[in-house]
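What follows is a set of notes on a single structure, which appears directly below.
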Amino acid sequence: MLTDVDQILRDLEAIRAKNPVVLSITNYVVTNTTANALLAIGASPIMSHAVEEMAELVGISGALVINLGTVAQEYLAAMDPAWSAAEAAGVPVVLDPVGAGASTLRTQTPLGLLARHKAGIVRGNASEIMTLAGSGGGARGVDSTARTDEAAGFAGELARRHACAVVVSGEADLVCQGAASARVLGGSALMPRVTGLGCTATALCGAFAAVNPNPFEAALGACVVMKVAGEMAAEKAAGPGTLQLHLYDALYALGEKDLRQRLRVER
Amino acid sequence: MLTDVDQILRDLEAIRAKNPVVLSITNYVVTNTTANALLAIGASPIMSHAVEEMAELVGISGALVINLGTVAQEYLAAMDPAWSAAEAAGVPVVLDPVGAGASTLRTQTPLGLLARHKAGIVRGNASEIMTLAGSGGGARGVDSTARTDEAAGFAGELARRHACAVVVSGEADLVCQGAASARVLGGSALMPRVTGLGCTATALCGAFAAVNPNPFEAALGACVVMKVAGEMAAEKAAGPGTLQLHLYDALYALGEKDLRQRLRVER
Amino acid sequence: MLTDVDQILRDLEAIRAKNPVVLSITNYVVTNTTANALLAIGASPIMSHAVEEMAELVGISGALVINLGTVAQEYLAAMDPAWSAAEAAGVPVVLDPVGAGASTLRTQTPLGLLARHKAGIVRGNASEIMTLAGSGGGARGVDSTARTDEAAGFAGELARRHACAVVVSGEADLVCQGAASARVLGGSALMPRVTGLGCTATALCGAFAAVNPNPFEAALGACVVMKVAGEMAAEKAAGPGTLQLHLYDALYALGEKDLRQRLRVER
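Chains as they are written, first to last, in the numbering used here: chain A, -7 to 259; chain B, -7 to 259; chain C, -7 to 259.
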C-alpha cells in the first residue's frame, strides 16, 4: 500500500503529465483565481455555464466542478444537464455548496442536486456541511460559523447518505468516506482572509479526481496540496494579498521534498 | 467629541471584532478584488444577484452595497428588491453609480434607484457625481473626466437632495453630508491604474456603515483607510500590479500608528 | 518607413497620451485582469454586455473587443448590436474566439460573427485559429493542442478570407495580414500557466487598434508588448502568481530602452 506522500506525488505527477481538463460551473468571484490555481497545479481549466455546450465540454473533461457561489438562474440552469452528462460519461463530479445555510436557495439547491445526482466529492466549510447533513444550524453568509470538529459527525453522515467523499475545510481539514477519515493540518491563519481559497480547494479536488478514481484519495490529495502550498506561501507573504500570489507559485513549484517535509495527516 | 483618528480606529476595531456581513450586488470586474478588500479589513463579503435570496441575505447583513458596474438585466433585477428589504430592515445602503454619464442606462439606473429608495452613502468619481446631480456634463467611459474640486458643489447638492453622504473619489477625496464636508488627501498616483479601486472604496464604505450609523463618519473612515493603505502599498510597489497586492496587505495590517502618521483630513 | 520599434513606440505614446476607451464584451474569467492590463498600458477599459448601452458605449470607444470566453446567451446577445454599431462608427473590432473547436457553440459563434461582420483583428491560439480556418481539427478545452507553426497556413487563409489581421499566440506569436507576416519571439514559458494572458493580448490589440488604423501594425505592437513585458516580468517572478503581477508593472513601465533591448521580430 502506498503512503500518503507516494499517493499524492503519483497523482500530482499525473496531473502535470496529462493536464486534465477540469470543467467548472462556478461563481463569478473565483473564476480567475481557481483557473489560475488549476493551471499552476498542471490542469487545464475551462469555465462555462452555457447549457448548449455542457455535454460536449463534459466529454473532453476529466472532472466536473459545480460550485454554488453564484446561485443566479443563468448559472443554475447549466448544472443538471452538465451533471447528467458527467454521470453518463463516468466523469467525476465535485460539489461546493457555497453559503448553504445562508439562504433557502443556497440550502435547497445543493440538496436538490444531491438528490438527483451522484457526487464524487462534496467540499464545504463546517457550516455548509452541517447544513447539508440537516443539522438545522444556520450560517452567516459564506464564512463558517462552526468549527471543523463540530462538523465531523455530520460529514460522516453526509458521506454515508450519498456514498461520496466529504471534505470539511477549516483550520484542520477533515476528509471522510465510508469508514475512512483523515484530518489534514497545516496551512496558514491568513488563508481565510483571501477570498475563494475554499473554492480553490474544490477546484483542486477536481484536478485530483481527474487522475484518481478513488474520491477519498483525490480529496485528501487536494487538501494536502492546499495546506502545504498555503504554508509555503505564508512564509513569503506579508499579508493576504501577497499570500494569494505566492500560493500559485507554491502550487506550481510544489514537489516531493515539500510534501515530505510538510505533510501532516492524522488518521 | 472624538478625533477623526479615534473615530476611525473605533470603527476599524468594530469591523475586525464583529466581521459584519457586507452583501454586494456588484460588477463582474471587481467581485474578487472587493471581496478580498473586505476580508482584509475584517468584514465578511457575500456577492449575489439572485433575487430569490436577497431578502434573506439582507437579513444577515450589516450593509448592502449596490454597484452599477454591470448594468445587465440579470444584475439590475435584484437591486430594487434588495434595497427595499434593506430599508425595511434598517440596513444601510451604499450606491456606486459606475459610469453614470457614459450611457443613458448608466445615468438613468442610479437616478431611478435614488428616486425610489433612501441611500446612506453615494460614492463615485467626479464625472459620475456631477452626472447624478444634473450637471449635464458627460463622462467618457468609467474613468472620470472631471476633477474632484469641480464636483464639490454638485456633491453637496446631491447630498442635500437625497439626505445622504456623498463621496467624490479622486486625487483628493471629498466627503459631504448636510453642512459637514471634508477632503481626504494621500494615496498614490498609481491607484487610478488599478481597476476597481473606486469600487473597493465603495465596498469599504459598506464595511464602515455596518458598524457606524453615521453615514458621513462611515464614508470618511472608508476614504481615509483607502488613502492610508494606498500610501503604505505604494511604498512597497513597483507598479500597479504589485500595488494591488500590497494594498490588501496594508488593509489587513493597518493600525493606529499608520493612521496617526498618515491621516490627512481637511475640514 | 518606420522601424518596428519606432512604430510601436509611437503607438504606445499615443495610447498613454490619449487613454482611448476600449470597450470589451468579454468573459468573466478575465474581466479584472484584462482591465488591469489596459489601465497599465494607458488605455481606459469599460466592460459591459448590456445590449441597451452598446451603441452609446461604442460611440465613445476607440476599439471594441469581443471575447468569446463566456458563451452564455446573456453575453452573446450584445455582440451583434455592438459590432454593427462599431462598423457604422468606424470603430475597429478585435475578435477572440476562445475555445473554438472545443464545442459546437464555441466554433459556430465566431464563424457566425465573422460571416456577418468585418473584423479588424482575430487573435487566438493555434487550435482556435485552425478551427476557424476549417482545419477540422478539434481542440481540447481552451488551451491549444497545436503549435503555432502548424497554424501558419491556416492563419494566412483566415486573414485572406476575412481581409483582417490574424494573430496566432504561442511560444512564438504569428501575425499575418495579406502578404505581410511576422513572428514575434520572447516572453516566458510561465505565461501559459497564467489564465487569460491570451485574452490580455487580445485586449492590448484593442488598445493599439484604437490608435493605429493599420490592423497588422496594431496586432504586431500588442504581441511585441506582451512578449517584452512577459520577459521583463519573468525576470522578477518566482512562478505564475508573481508573474501576473509583475506583468502589469512591466506594461506600465515599458519604454524605449526595453523595446530596443528585447524586441525580437522575424519577417
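Don't be surprised by glycine CBs; every beta carbon is placed ideally from N, CA and C.
Spatial distance of residue 238 (chain C) from residue 77 (chain B) (CA atoms): 43 Å
In chain B, which residues lie with their C-beta within 7 Å of the C-beta of residue 59 (chain C)? Within chain B, no C-beta atom comes nearer than 7 Å to that of residue 59 (chain C); the closest sits roughly 13 Å away.
Any C-beta of chain A under 8 Å from that of residue 91 (chain C): yes
For residue 46 (chain A), I'd like the list of residues in its chain whose CB is within less than 7 Å of its CB, leaving aside the five on either flank, ordered along the chain. 70, 73, 74 and 77
Need the endpoints of the alpha helix (DSSP H) that residue 7 (chain A) sits in, please. -4 to 10
Check the Cβ of residue 185 (chain B) against every Cβ in chain C and list those closer than 9 Å, keeping chain order. 28, 31, 32, 34, 240 and 244
Show which residues of chain B have a CB atom less than 7 Å away from the CB atom of residue 227 (chain C). Near residue 227 (chain C) there are no residues of chain B at all, since even the closest Cβ is about 12 Å away, more than 7 Å.
Does any residue of chain C have a CB that is nearer than 8 Å to the CB of residue 173 (chain B)? no
Taking all protein chains shown into account, decide if residue 209 (chain C) is buried (16 or more other Cβ within 10 angstroms of its Cβ) or exposed. Result: buried.
Own chain partners of residue 127 (chain C) with C-beta closer than 7 Å, once the 5 adjacent residues on each side are dropped: Excluding sequence positions up to five before and after residue 127 (chain C), its CB lies within less than 7 Å of the CB of 146, all in the same chain and listed in chain order.
Using a 10 Å radius around the Cβ and a threshold of 16 neighbouring Cβ atoms, would you call residue 107 (chain B) buried or exposed? exposed
Residue 98 (chain B) touches chain C at which residues, Cβ-Cβ below 7 Å? 45
Is residue 14 (chain B) near residue 54 (chain B), with beta carbons less than 8 Å apart? yes
For the alpha helix (DSSP H) containing residue 39 (chain A), list its first residue and its last residue. No alpha helix (DSSP H) contains residue 39 (chain A), which is instead part of the beta strand (DSSP E) from 36 to 39.
Where DSSP assigns a beta bridge to residue 92 (chain B), which residues make up the other side? As DSSP reads the structure, residue 92 (chain B) sits in a beta bridge with B:95.
Contact set between residue 23 (chain A) and chain C, taken where Cβ atoms lie within less than 7 Å: The answer, in chain order, is 20 and 21.
Which ranges does the beta strand (DSSP E) cover as unbroken runs of at least 3 residues, wholly within the stretch 101 to 181 of chain A, from first to last along the chain? 113 to 117, 157 to 161, 165 to 169 and 172 to 176
Of all the CB atoms in chain C, is at least one closer than 8 Å to the CB of residue 37 (chain A)? yes
If you draw a straight line from the C-alpha of residue 79 (chain B) to the C-alpha of residue 18 (chain B), how long is it? 19 Å
Quick one: which chain A residues come within Cβ less than 8 Å of residue 237 (chain B)? 233, 234, 236 and 237
Using a Cβ-Cβ distance under 8 Å, would residue 145 (chain C) count as near chain A? no
I'd like the list of long-range same chain contacts for residue 218 (chain A), defined as Cβ closer than 6 Å, with 5 residues on each side in sequence excluded. Cβ within range, chain order: 193.
What do you get for residue 187 (chain B), buried or exposed, if any count of 16 or more other CB atoms within 10 angstroms of its CB means buried? buried
I want to verify the contact list: residues of chain B whose CB lies under 7 Å from the CB of residue 42 (chain C), in sequence order. Here the neighbours are 63, 64 and 97.
Can you name the residues of chain C whose CB is closer than 7 Å to the CB of residue 230 (chain B)? Residues of chain C passing the Cβ test: 241.
Suppose you measure from the CA of residue 177 (chain B) to the CA of residue 212 (chain B); what does that come to, to the nearest Å? 11 Å
Chain-ordered residues of the stretch 134 to 167 of chain A with a beta carbon less than 7 Å from chain B: Flagged, chain order: 134 and 135.
For residue 81 (chain A) versus residue 51 (chain A), is the C-beta spacing smaller than 8 Å? yes
Taking Cβ positions only, does residue 188 (chain B) come closer than 8 Å to chain C? yes
Host alpha helix (DSSP H) of residue 204 (chain C) (start-end): Where residue 204 (chain C) is concerned, there is no enclosing alpha helix (DSSP H), because DSSP gives it neither an H nor an E.
Kindly say whether residue 94 (chain A), judged by its beta-carbon, lies nearer than 8 Å to any beta-carbon of chain E. Checking the listed chains, one finds no chain E in this structure; the protein chains it contains are A, B and C.
Candidates C:8, C:244, C:199 and C:182: which alpha carbon is nearest residue 227 (chain C)'s? C:182
Which term fits residue 100 (chain C), buried or exposed, when burial requires 16 or more other beta carbons within 10 angstroms of its beta carbon? exposed
Given residue 39 (chain B) as reference, the closest of A:40, A:98 and A:9 once Cα atoms are compared: A:98
Expressed to the nearest angstrom, what Euclidean distance is found between the alpha-carbon atoms of residue 261 (chain C) and residue 116 (chain C)? Given a span of -7 to 259 for chain C in the structure shown, any question on residue 261 (chain C) remains unanswerable.
Counting C-beta neighbours from all protein chains within 10 Å, is the total for residue 298 (chain A) 16 or more, i.e. buried, or is it exposed? Residue 298 (chain A) is absent from the model: chain A starts at -7 and stops at 259.
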